[in-house]
Structure formats: structure tokens, C-alpha cells
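So in full-length UniProt numbering, the last spot in the sequence shown is 515, and the numbers never skip. Here a beta-carbon is modelled for each residue, glycine too, at the ideal position from N, C-alpha and C.
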Amino acid sequence: VKKLRLILGDQLNHQHSWFQEEQDDTIYVLMEMRQETDYTVHHIQKVVGFFLAMRNFAEYLTNRQYEVIYYHINDKENNQTLAENLKQLIKKNDIEKFEYQLPDEYRLDQQLKEICKSLSIDSEAYDTEHFLTTRNDLEKFYDGKKQMTMEYFYRDMRKKYDIMMATKNDPEGGKWNFDKSNRKKWTGTPEIPHERGFRKDVSHLVKEIEQAGIKTMGNINEKSFNWPSSREDSLSVLNYFCKNLLVHFGDFQDALHTDHAYLFHSRLSFCMNTKMLSPKEVIDSAISYYYEHKDKIDISQVEGFVRQILGWREYMRGIYWLKMPGYRRRNKLDNQNELPPFYWDGKTKMNCLHHAITQSLDNAYAHHIQRLMITGNYALLTQCHPDEVDAWYLGIYIDAIEWVEITNTRGMSQFADGGIVATKPYVSSGSYINKMSNYCKNCHYKVSKKTENDACPFNSLYWNFLDDKKEFFKNNQRMNMMMSLLEKKDAKEISKIKERAALIIKNPTDF
Ligand code: FAD
Ligand code: SF4
């Protein structure tokens, strides 16, 4: 049977069983398409990163004698949509069966189902063999339980995969979670090794993207592209992380600093989300490195890392498949404002936002706390519409694919799902930012002031948000303490807070 097998841009899995079997009459196809570059405005480095990784994967397969068809973005025969390209290829090559791997995005899942329905030949969907859970495992796990929390799911995964377990039911180190020791501020020591970067000349690719007329955002150094784009690159980022960064990963997971965009973070999300690396091999590598260097590395460092991948990453995927498509429309707090223009150029006097946004525009990257407690925090405090916030996050980061972007943004960061992912909104005043960073030291605003002209905007926005949304939080036990502090404030103070917050929300670019 002559088969056509589709490989999507985030399915670059060298280890898939497709490539372990005898190949009879099989053609593999990869396509750069406008339907993928245009569903939101992506960062230029994201488009380059995906195209480059796809091209490298196609070359890898071709070098191993697989028959590969590759549509470049400007190829004449490229019709720019999945449906049209597939139909054309099936006809031209007398294909008798169409096969694909299950997409991670709802949008593509629906589209491929529709395409298969319309074909006159057989089709079959395969697992991607990437994740440690299936699409529906979370639904089964929480069946009959009232409250979903990541923690119990994570413990179950540790047991199921026998990861860092002392006995069948007891975690190594006597605790499941070392989160409390993962909250250090970084003040110059220990030294942060330079990131494992790459210096690739991608000017040809940038030119092709420009010629195609694709609208992008952000900046790129065309002569020095810094992201991994092959299996070898990805393995070297992983090794570099284990050898140089794991030792302090947990401690400084939540730290923020003006001079260091990456601190001790791994930068592995792009490698995993494109499937150049599997989550299991990332976890296994970190753990075996830890076992070999137990005298130097504390368990809290490695547990913090494992929790993100075995816990959060799989959990978010589970929530996505459990709650889509309705999840995409959730706006529980009824937020309606626009995202301020400075999210696209970093021009604001608020130092924390200036740094987090400028770094994102320059690198297509921000670490978790920058996304959650700086840009996400501000968007929520100023009550921006979750559609606006989602579109920005989906575009700007190289690792942004809807299944993991929307659950983090709409769920964890914006509380628009009303508490499915997070039990309370991640909001803070300036004091948290000051505690975890050096941002406030050189800021135009004073973090200690509340409502004066030079007061940190986060301070009035925070109390204003709690006051505006108090109806939503009145039954949320985790908000009780903050809500009772709010109640204790006298009317005069509240009115000053609300006045300043209204000014900031109305004229964001003045701040
Ligand atoms: P590290 O800090 O080194 O962590 C290791 C790995 O753990 C990451 O590579 C990632 O695979 C995983 N991980 C950590 N936190 C999470 C999480 N909350 N959810 C899922 N996986 C996690 N991650 C994405 O991959 N794509 C996104 O589009 C994305 N959007 C986000 C939007 C917001 C508003 C927030 C708050 C978080 C978002 N995250 C997203 C999660 C997280 O911020 C990134 O995975 C992380 O910053 C990537 O950098 P790193 O590889 O250096 O991570
Ligand atoms: Fe951000 Fe406020 Fe600190 Fe300035 S003072 S960096 S605005 S938290």
C-alpha cells in the first residue's frame, strides 16, 4: 500500500516507531505553511526556529534513505493549507493510505479529522509517543474527585514511573515537594554560566520569510541565531544544563535579574515542544546526573526540575484536552481591557516590565516567573481581556504552542478559567517583585510608596483589582487573608488607590 505520512512542525521525533520499522512504499511530508505562520503574529525567532528544525529533520530523514517531500514557504506548488496540499500530494503520488500523528492542538486535530473524512482513501492516526500520559489520562485520574490539583497528579506520576522513589509509595528525601526551598533571590552569586547558545547564520531564512510577506514581531540577530534546531543541538543543551545549571536550578527558579535573562533555567521547552527531545529522556538525564553527583547536588534542585516536566507539563496537556474547546472562551473575571502597546516595544518606565518585555522581544524567551509575575501579573491587575493576553503569549515565545500556552496563560496566569489550573490568582503588589529581583533598585517608581505620583503602579493596581473583583473571590478560602486586609482599609485610602489605578489603566503608556 502506498502511504503518505504527515509530520507536523512540532512532531520532529527521531525516536518515533515510524522510523524503526521497515519502510515499504512510504512518503513522508513536511510543510511550511501560511496557515501555521498566520494564525497569530509570531516572533520572528519562532518562525525561524520551527522552519530550521523542520528542514534539519527532513534532511536527517533523507540522509537515512527515507522518501521525503518538503514544501518550503515560497515553493510554487505549496498551496499554504494542510487540506489543499494533502489532496494535491495524494493525487499526484497515487497514495492509497494517509497517516498522521495525533496533533497536540485542538485546531489541527479538528482540521485533520475533517480532511480524513473528505478523503476517498483510508487514513489512520498514530500516537506521537512523546508524552508520559495520554490525552485523556487526567480525566480518568480526576473522575469523581471534587478539586483538581497538580500536586496529587504529580505524586501519582512519580509512583507510576518510579521516579525518585525511596519505596513503592514514599518519595526519596522524605518529601514530595521542595518548593519552599526554591525561592531564593539571586544577588550576584553563585556565578551563572553563559547559556549554551548557538551562533547560526539564518539570514537566508529570514529573507525567505520576508519575501513570503509573513507578519512577525520581535527582534533577531540573523548572523547569530541562538536556539537549538536539531537533535544534536538539543542533546547538547540538555547535557549543558545537567552539567552546569542543575546544581542551582531549584534554588533560583523564581529569581529575576536585569542582567540575566536565563539564570539557571534550562531553555529546553522548545526542544521538548518540537519533540526533538522526549520529556522522559530529559528527566532521566537530570536524575542520573544527580545520582552521579549526589555529593554536590541537593535533591531539592532536581526535584524542582522534575516537577515542572513530569508534573506541570503533563498536567497542562491533560487540562487542555479535558477542557477544550470551551477553555478558549473562558473569561471568568470578566476582564475587558486592551493589552498596553508597550507589550510590543518594551517602552515603559516600569523597570520590571521594561526588562521582561525587552528580553522577550530580543530572545523569544522569558522564564516562568517573568511570564507569571511580571507580564502576566500586570495584564491581570489591569484587567486585560484574556483573548488579548493569549494572543501575545502565543506569538512571542519560541516554545508557545496552544496546548501549553493557553493553559498557562488563561489558566494559571489570568485565572480566566475560574480556578481550574490555579486555586487562586497569581497577583502581587510591588513587594513580591522587589523581594525576588533587582528590578526595583533602578526603577523610576518607588516600590515602598502606594498612591503618590512616583509610587510603584503595581501597589495601587493590586488593591484595586481585589476590590473590583471581590464578588468573585468571596468564597475562595485561599483569598480570605487578602480580602480581610482589604476590608480593613479605610474609605479614604481605598478611594486614593482606585483613583491612581484608574489613571494607570486608562493611560498605560504614561507610566
Ligand atoms: P525551565 O524553567 O528550565 O523548566 C524546565 C521545563 O519544565 C520547561 O522546559 C518546560 O517544559 C517545563 N515547564 C516548566 N513550567 C511549566 C509550566 N508551567 N507548564 C508546562 N511546562 C512547564 N511553556 C511552554 O512550553 N510554552 C508556552 O507557550 C508557555 N507559556 C506560558 C505562559 C505563561 C503566562 C506562563 C506563566 C508560563 C508559560 N509556560 C509555557 C511555562 C514556562 O514558563 C515555560 O515552559 C518555561 O519558562 C520555559 O523555559 P525553560 O525551558 O528554560 O524552563
Ligand atoms: Fe516594577 Fe514597581 Fe519595582 Fe518599578 S518599583 S520595578 S514598577 S515592581
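Worksheet item: residue 102: which of 267, 130, 178, 392 sits nearest, CA to CA?
Response: Translated into the one-based positions of the sequence shown, residue 102 becomes position 98. Considering only alpha carbons, the answer is 130.
Worksheet entry | Which listed residue (40, 312, 237, 398) has its alpha carbon closest to that of residue 57 | Position 53 of the sequence shown holds residue 57. Residue 237 is the option with its Cα nearest to residue 57.
Fill in: Residue environment, residue 482, which counts as buried when at least 16 other CB atoms sit within 10 Å
By 1-based counting over the sequence shown, the position of residue 482 is 478. Classification for residue 482: exposed.
Fill in: Spatially closest choice to residue 11 from 38, 27, 81, 105, by CA coordinates
Residue numbering aside, residue 11 sits at position 7 when the sequence shown is read from its first letter. Measuring from the Cα of residue 11, the nearest candidate turns out to be 105.
Item to complete: Decide if the region 500 to 515 is in contact with the region 349 to 368; the criterion is three or more beta carbon pairs, one per stretch, under 8 Å apart.
Response: yes
Discussion item. As an exercise, report each continuous alpha helix (DSSP H) stretch of at least 4 residues that is fully enclosed by the region 268 to 326, in chain order.
Written reply: 273 to 277, 283 to 296, 303 to 310
Worksheet item: What residues are listed by DSSP as bridge partners for residue 341?
Response: Translated into the one-based positions of the sequence shown, residue 341 becomes position 337. According to DSSP, which records beta bridges pairwise, residue 341 is partnered with 388.
Fill in: Nonlocal neighbours in the same chain, by C-beta distance under 6 Å from residue 463, ignoring five residues either side
Residue 463 sits at position 459 when you count from the first residue of the sequence shown. Once the five neighbours on either side are set aside, the close Cβ partners of residue 463 are 433, 434, 454.
Discussion item. Which of the three DSSP states is assigned to residue 404 in this structure?
Written reply: Walking along the sequence shown from the start, residue 404 turns up at place 400. In this structure, residue 404 counts as coil in the three-state DSSP scheme.
Practice prompt. Within the same chain, show all residues whose beta-carbon is closer than 7 Å to that of residue 222, passing over the 5 residues directly before and after it, in chain order.
Written response: For the purposes of this step, residue 222 is taken as residue 218 along the sequence shown, with counting starting at 1. Excluding positions up to five away in sequence, the list reads 47, 48, 49, 365, 368, 400.
Worksheet item: Is the beta carbon of residue 246 sitting closer than 9 Å to the one on residue 290?
Response: Residue 246 sits at position 242 when you count from the first residue of the sequence shown. Residue 290 sits at position 286 when you count from the first residue of the sequence shown. Cβ atoms of residue 246 and residue 290: closer than 9 Å.
Practice prompt. May I ask you to report which of helix, strand or coil DSSP gives residue 245?
Written response: Working through the sequence shown from its first residue, we reach residue 245 at position 241. Residue 245: helix per DSSP, three-state reduction.
Discussion item. Beta-carbon within less than 7 Å of residue 85's beta-carbon, same chain only, minus the 5 sequence neighbours each way: which residues are those?
Written reply: Reading the sequence shown from its first residue, position 81 is the one you call residue 85. So the list reads 37, 39, once near-sequence residues are dropped.
Worksheet item: Taking Cβ to Cβ, would you say residue 92 is nearer than 9 Å to residue 27?
Response: In the sequence shown, residue 92 corresponds to position 88, counting from 1. In the sequence shown, residue 27 corresponds to position 23, counting from 1. Against a cut-off of 9 Å, the Cβ pair of residue 27 and residue 92 comes out as no contact.
Discussion item. Is residue 451 close to the ligand SF4? I mean its beta-carbon at under 8 Å from any heavy atom of the ligand.
Written reply: Along the sequence shown, one-based indexing puts residue 451 at 447. Residue 451 Cβ: within cutoff of the ligand SF4.
Worksheet entry | Cβ pair residue 523, residue 94 closer than 9 Å | Only positions 5 to 515 of the chain appear in this structure, which leaves residue 523 out of reach.
Item to complete: Measure the Cβ-Cβ separation of residue 260 and residue 167 and say whether it is below 9 Å.
Response: Locating residue 260 in the sequence shown gives position 256, where the first residue counts as 1. Locating residue 167 in the sequence shown gives position 163, where the first residue counts as 1. Contact flag unset, no.
Discussion item. On the CB-based measure, 16 or more other CB atoms within 10 Å of its CB, does residue 394 come out buried or exposed?
Written reply: Taking the first residue of the sequence shown as position 1, residue 394 is located at position 390. Its Cβ being crowded by 16 or more others within 10 Å, residue 394 is buried.
Discussion item. Taking the straight line between their C-alpha atoms, what separation do you get for residue 403 and residue 490?
Written reply: If you number the sequence shown from 1, residue 403 lands on position 399. If you number the sequence shown from 1, residue 490 lands on position 486. Approximately 38 Å, taken between the alpha carbons.
Fill in: Residue from 320, 496, 79, 243 with nearest C-alpha to residue 158
Translated into positions along the sequence shown, residue 158 becomes position 154. The option with the nearest alpha carbon to residue 158 is 320.
Worksheet item: Comparing the CB of residue 421 with every heavy atom of the ligand FAD, is any distance shorter than 8 Å?
Response: Taking the first residue of the sequence shown as 1, we reach residue 421 at position 417. Because no heavy atom of the ligand FAD lies under 8 Å away, the Cβ of residue 421 does not count as near it: no.
Practice prompt. State the DSSP-derived secondary structure class of residue 196, mapped to helix, strand or coil.
Written response: By 1-based counting over the sequence shown, the position of residue 196 is 192. Note: residue 196 maps to coil in three-state DSSP.
Discussion item. One question on the structure: do residue 77 and residue 31 come within less than 9 Å of each other, judged by their Cβ atoms?
Written reply: On the sequence shown, position 73 is the one that residue 77 refers to. On the sequence shown, position 27 is the one that residue 31 refers to. No. Outside cutoff.
Discussion item. Nearer than 8 Å: is that true of the beta carbon of residue 375 relative to any heavy atom of the ligand FAD?
Written reply: Here residue 375 refers to the residue found at position 371 when the sequence shown is read from its first residue. Within the cutoff, so yes.
Item to complete: Starting from the C-beta of residue 160, find all residues in its chain whose C-beta is less than 8 Å away, skip the five residues before and the five after it, and write them out in chain order.
Response: Stepping through the sequence shown from its first residue, residue 160 is reached at position 156. Excluding positions up to five away in sequence, the list reads 145.
Worksheet item: Under a three-way DSSP split, which group does residue 28 fall into?
Response: Taking the first residue of the sequence shown as position 1, residue 28 is located at position 24. DSSP places residue 28 in coil when its eight states are reduced to three.
Worksheet item: Going by DSSP, which residues form a beta bridge with residue 14?
Response: Counted from its first residue, the sequence shown places residue 14 at position 10. None; residue 14 has no bridge partner.
Fill in: Beta-carbon spacing of residue 459, residue 337 below 9 Å
If you number the sequence shown from 1, residue 459 lands on position 455. If you number the sequence shown from 1, residue 337 lands on position 333. The answer is no: Cβ separation not under 9 Å.
Worksheet entry | Nearest candidate by alpha-carbon position, reference residue 8, set 19, 21, 33, 14 | Here residue 8 is taken as the residue at index 4 of the sequence shown, counted from 1. It is 33 whose Cα lies nearest to the Cα of residue 8.
Practice prompt. Determine the DSSP secondary structure at residue 46, reduced to helix, strand or coil.
Written response: Walking along the sequence shown from the start, residue 46 turns up at place 42. Strand at residue 46.
Worksheet entry | Terminal residues of the alpha helix (DSSP H) in which residue 346 lies | For the purposes of this step, residue 346 is taken as the residue at position 342 of the sequence shown. No alpha helix (DSSP H) contains residue 346, which DSSP labels as neither H nor E.
Practice prompt. Note down, in chain order, each residue of its chain lying with its Cβ closer than 7 Å to the Cβ of residue 332, except the 5 sequence neighbours on either side.
Written response: To locate residue 332, count along the sequence shown from 1; it is residue 328. Only 410 meet the Cβ criterion.
Practice prompt. Measure the alpha-carbon distance for residue 109 versus residue 14 and round it to whole angstroms.
Written response: Translated into the one-based positions of the sequence shown, residue 109 becomes position 105. Translated into the one-based positions of the sequence shown, residue 14 becomes position 10. So the two alpha carbons sit approximately 10 Å from each other.
Worksheet item: Would residue 568 be called buried (16 or more neighbouring beta carbons within 10 Å of its own) or exposed?
Response: Outside the displayed range of the chain (5 to 515) lies residue 568, so it cannot be described from this structure.
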